[in-house]
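In this note's numbering, the protein residues as written are 2 to 343. Read through the structure below, which is laid out as structure tokens, and then see the notes.
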């Protein structure tokens, strides 16, 4: 009996084994299934969390982009003008020296300004837009500018139909500081303007100190131009040497020039009136005559400045320009001459 019972127990064990194996497999499958769901759920939650995290970032970027202005309004003599915050394609009829100082090269400018010897190389490849004061609308349109800068108020109606136009009349910006500061603000390059002016001031101060050591403080200076049939006398903000002599070096004009010329900046005079406006030193623009020619002239040769060798003659290609870059170079040039011809 025992044996029979024993055999039966073994048989029962073998009968239970397949059942237990099946149960284990089923439970294992259920466990794996649950794990998969949790992982899937976890992945889904992670995905949702990531999306939730990214969404505000993208929204913030879009908001920042929307909030960052691309245009700004500038007050001008022609009223408020809306211009790009960061213009990329500028046509400049005027003030190229300041733009170059701020590392902003225009795409177009008049031929006269492109010939400026003080920064001609910086304008290589810049398109000639025609005559100064009468730029070609067709040439400007072809350049597709996003900003036009000019000093010619009478050109505004034509130019403003092509692109936003800023008119800054000649003489409104009284010196290098006013000019660089204005365009630094206009172009969003305030710090660049400050840096450039700091270096400018340093070099001007050095030139002035050298001149002050050798010239008396009361020595008078006249800025003139000889056009052959006409003679002009200039003030401190009309080129021909006025900016470097009067502004940078701080030199004084004769009494008559101070009283009659400085406010209006220029006047045409006769040869007979030369003695009235001639100072101890004369900075003279002439394209045709030399210092020797003036010494031999019956009118010019009798002026104390000419007799004493205090006449500086230069051509218009060097004297006409009055931008900050030109003024800096002119100041150093005239300072060297004054030191050697005191």
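C-beta: ideal position from N, C-alpha, C; glycine also. Every value quoted in this text rests on a predicted model; they were computed, and no experiment measured them.
Closest residue to residue 204 among 305, 330 and 75 (Cα-Cα distance): Taking the Cα of residue 204 as reference, the smallest distance to any Cα among 305, 330 and 75 is reached at 330.
Does the distance from the C-beta atom of residue 282 to that of residue 222 stay below 8 Å? Yes. Within cutoff.
Reference residue 237; option with closest CA among 264, 136, 226 and 306: The candidate whose alpha carbon is nearest that of residue 237 is 264.
Proximity of residue 82 and residue 75 at Cβ, strictly below 8 Å: Yes. Within cutoff.
Contact check, residue 337 vs residue 287, beta carbons under 8 Å: No.
Looking at the structure shown, is residue 110 part of a helix, part of a strand, or coil, going by DSSP? Residue state, collapsed to three classes: strand.
What would DSSP say about residue 131, mapped onto helix, strand or coil? DSSP, reduced to helix, strand and coil, places residue 131 within a strand of the structure shown.
Distance between beta carbons of residue 284 and residue 251, contact taken as under 8 Å: That pair is no contact at about 15 Å.
I want to know whether the segment 120-127 touches the segment 160-168 - three or more CB-CB distances under 8 Å. Result no; under three Cβ-Cβ pairs closer than 8 Å.
Is it buried or exposed for residue 53, if we count other Cβ within 10 angstroms and need 16 for buried? Confidence at residue 53 is low in this model, with a pLDDT of 38, below 50, so the placement of that residue is unreliable and no value is reported for it.
Quick one: what does DSSP say residue 80 is sitting in, helix, strand or coil? In the structure shown, residue 80 sits in a strand (DSSP, three-state: E or B).
Counting beta carbon pairs with one atom in the segment 297-308 and one in the segment 252-271, are three or more of them shorter than 8 Å? Short answer: they don't touch.
N- and C-terminal bounds of the alpha helix (DSSP H) containing residue 281: It is not in any alpha helix (DSSP H) - residue 281 carries neither H nor E in the DSSP assignment.
Between 107, 115, 211 and 256, which has its C-alpha nearest residue 188's C-alpha? Cα-wise, what sits closest to residue 188 is 107.
Apart from the five residues just before and just after residue 323, which ones in its own chain have a Cβ nearer than 7 Å to its Cβ? Here the set comprises 240 and 244.
Within its chain, find whatever has a CB closer than 6 Å to the CB of residue 153; leave out the 5 residues flanking it on each side and keep chain order. Cβ within range, chain order: 134.
Do three or more CB pairs link the segment 293-300 to the segment 211-218 at distances below 8 Å? Too few Cβ pairs lie closer than 8 Å, so no.
In chain order, what residues of the same chain have a beta carbon less than 8 Å from the beta carbon of residue 321, not counting five sequence neighbours either side? In the same chain as residue 321, and ignoring 5 residues on each side of it, the C-beta atoms closer than 8 Å to its own belong to 240, 241 and 286, in chain order.
Please look up how many angstroms separate the CB atoms of residue 98 and residue 326, rounded, as I've assumed it's under 8 Å. With 8 Å as the limit, residue 98 and residue 326 qualify as a contact, their Cβ atoms being about 4 Å apart.
Measuring only from the beta carbon, is residue 277 closer than 7 Å to any heavy atom that is part of the ligand COA? As far as ligands go, the structure on display features none, and thus does not contain the ligand COA.
Among 218, 257, 249 and 84, nearest to residue 234 - alpha-carbon criterion: Of 218, 257, 249 and 84, the smallest CA-CA separation from residue 234 is found for 257.
DSSP bridge partner residues for residue 148 (one or two, in chain order): In the DSSP output, where bridge partners are listed per residue, residue 148 has 91.
Pick from 196, 206, 171 and 328: whose alpha carbon is nearest that of residue 78? Nearest to residue 78 by C-alpha distance, out of 196, 206, 171 and 328, is 171.
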